[in-house]
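Residue numbers for the sequence shown follow the numbering used here, so the first one is 69 and each next one is one higher.
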Amino acid sequence: MQKSPLSQNTVSITKKIQKSPKYKLIYPKTIQRIVEFNFKKFKDPQKVEQETRKILHQIWGSYFKSKLRYKKILERFKAGIKEKGEKEAVLDLLKIHSSTAERIPVLGEFYSDIFNITGRPQKILDIGAGFNPLTLPWMNLDQAAVYLGSDINQGQINFLKNILTELNLKPKIKLKTKDIFVDDFPKADLAFLLKFLPVVSHQSKADYLKIFQKLKVKNIVTSYPNQSLCGKEKGMINFYKNQIIQFCAKEKFQFKKIPFKTETVYILTKP
Ligand SMILES: C[S@@+](CC[C@H](N)C(=O)[O-])C[C@H]1O[C@@H](n2cnc3c(N)ncnc32)[C@H](O)[C@@H]1O
């Protein structure tokens, strides 16, 4: 099917947002997709621009407390490895992204509990990975395993690549800029969509079935935080949990739940 041409307004708003320091390294296809999504809801280009920036903040920017100074962080990290060793130095980095910061208290058992259910994966997709590629030292993957992490910010991906080259990791690791709504993903044993589905519902009608069917994997490992970013909105978190349970019942997906202290993991298996 031929795609309809982009409107002049979509092109100019996308370009304008790409020029802003905060969003200049966001995947252009993501910005453009969200601009188009907002033009379906609003006519006024100014409103579309405003709403697109708001969504970009919700789905990416809000997970960082301060501006990312990658060069400085990398230097500090290299010094940290010498001072206190790899894992301790990585823990400092995990604190930068609120999602991985929350995972620190359960990292010791997180992957072993998941892989006890799924089996040891040989090929993993980590979609909307955030800083989670930095938890690779805790995954204990086989030497022959392949880990493919992706997210929507090129600067972040480059930074993570630089960090991972400093670590003594055995599996094959590839990091790429990818958008779940735009790109295809290779066949794998398992896809991590950790704390990802609430983010999906900010930017599209949350059609989980479409997303899950697109992924050629045996197991989908998704999770929800046990608290919202600001520590409130418990109702919203329960809403998302109920949504996944109802989805599994309707689409006949089997699921197993692992209630960690800071997040609840659901391992879904397609019918
Ligand atoms: C809540 S964070 C979770 C990060 C990581 N999975 C974790 O649990 O630590 C959501 C992540 O999804 C990414 N993201 C948002 N929209 C996306 C999209 N359409 N495609 C791929 N990644 C996306 C964001 O940049 C962000 O890193």
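Ideal Cβ placement from N, Cα and C applies to all residues, glycine included.
Tell me where the alpha helix (DSSP H) around residue i begins and ends.
i, result
"Thr168", "166–171"
"Lys84", "76–87"
"Leu105", "The question names Leu, yet the displayed sequence has Phe at residue 105. Counting along the chain, the alpha helix (DSSP H) containing Phe105 begins and ends at 96–107."
With a cut-off of 8 Å on the beta carbons, I'd call residue i and residue j a contact; round off their distance for me.
i, j, result
"Leu161", "Phe199", "7 Å"
"Lys309", "Tyr292", "6 Å"
"Ile241", "Leu202", "At roughly 11 Å, the Cβ-Cβ gap does not stay under 8 Å, so Ile241 and Leu202 are not in contact."
"Thr330", "Glu170", "5 Å"
"Tyr95", "Asp252", "Actually they are not in contact, since the Cβ atoms of Tyr95 and Asp252 sit about 15 Å apart, beyond 8 Å."
"Glu234", "Ile141", "About 12 Å; that fails the 8 Å criterion."
To the nearest angstrom, report how far apart residue i and residue j are at their CA atoms.
i, j, result
"Val285", "Phe260", "10 Å"
"Ile172", "Asn236", "20 Å"
"Gln126", "Phe132", "11 Å"
"Arg144", "Asn221", "22 Å"
"Ser167", "Lys139", "22 Å"
"Gly223", "Leu265", "23 Å"
"Leu124", "Ile182", "30 Å"
"Met69", "Ile279", "Because the pLDDT of Met69 is 46, which lies under 50, any placement of that residue in the model is unreliable, and the number read from its coordinates should be weighed accordingly. Taking the straight line joining both Cα atoms gives about 20 Å."
"Ile225", "Glu104", "25 Å"
"Leu93", "Ile85", "10 Å"
"Phe344", "Glu156", "In the structure as shown, the chain begins at 69 and stops at 339. Residue 344 is therefore absent and cannot be evaluated."
"Gln211", "Arg188", "12 Å"
"Ile313", "Lys263", "15 Å"
"His165", "Gly196", "13 Å"
"Arg101", "Lys152", "43 Å"
"Val267", "Thr120", "14 Å"
"Ala256", "Leu277", "18 Å"
"Lys338", "Lys325", "15 Å"
"Pro113", "Asn77", "7 Å"
"Asp275", "Asn184", "29 Å"
"Leu204", "Lys238", "10 Å"
"Lys97", "Pro327", "35 Å"
"Thr332", "Cys316", "16 Å"
"Ser75", "Lys282", "28 Å"
"Leu336", "Thr186", "10 Å"
"Lys87", "Ile99", "11 Å"
"Val79", "Leu175", "43 Å"
"Val250", "Phe323", "27 Å"
"Leu193", "Leu216", "5 Å"
"Ala147", "Glu319", "50 Å"
"Lys191", "Pro254", "10 Å"
"Ile81", "Ser218", "25 Å"
"Phe321", "Pro89", "42 Å"
"Met207", "Lys115", "43 Å"
Name the DSSP bridge partner or partners of residue i?
i, result
"Thr337", "Asn287, Gln322"
"Thr330", "Per DSSP, none; premise fails for Thr330."
Which residues mark the beginning and the end of the beta strand (DSSP E) in which residue i is found?
i, result
"Thr245", "240–245"
"Leu261", "256–261"
From the beta carbon of residue i, is the nearest beta carbon of chain D less than 8 Å away?
i, result
"Glu104", "Within the model displayed, chain D is absent; a lone protein chain is all it includes."
Practice item. Please specify which runs of the alpha helix (DSSP H), each continuous and at least 4 residues long, are wholly inside the segment 178–234, giving them in chain order. Key: 204–207, 222–233
Exercise for review: Please go through the segment 111–180 and give each complete alpha helix (DSSP H) segment of 4 or more residues, from N-terminal end onward.
Suggested key: Counting whole runs of 4 or more residues, the segment 111–180 contains the alpha helix (DSSP H) stretches 113–127, 138–152, 154–162, 166–171.
Point to revise | Residue ranges of each alpha helix (DSSP H) within the segment 265–312, 4 or longer | key: Unbroken alpha helix (DSSP H) runs of no fewer than 4 residues, entirely contained in the segment 265–312, are found at 265–271, 276–282, following chain order.
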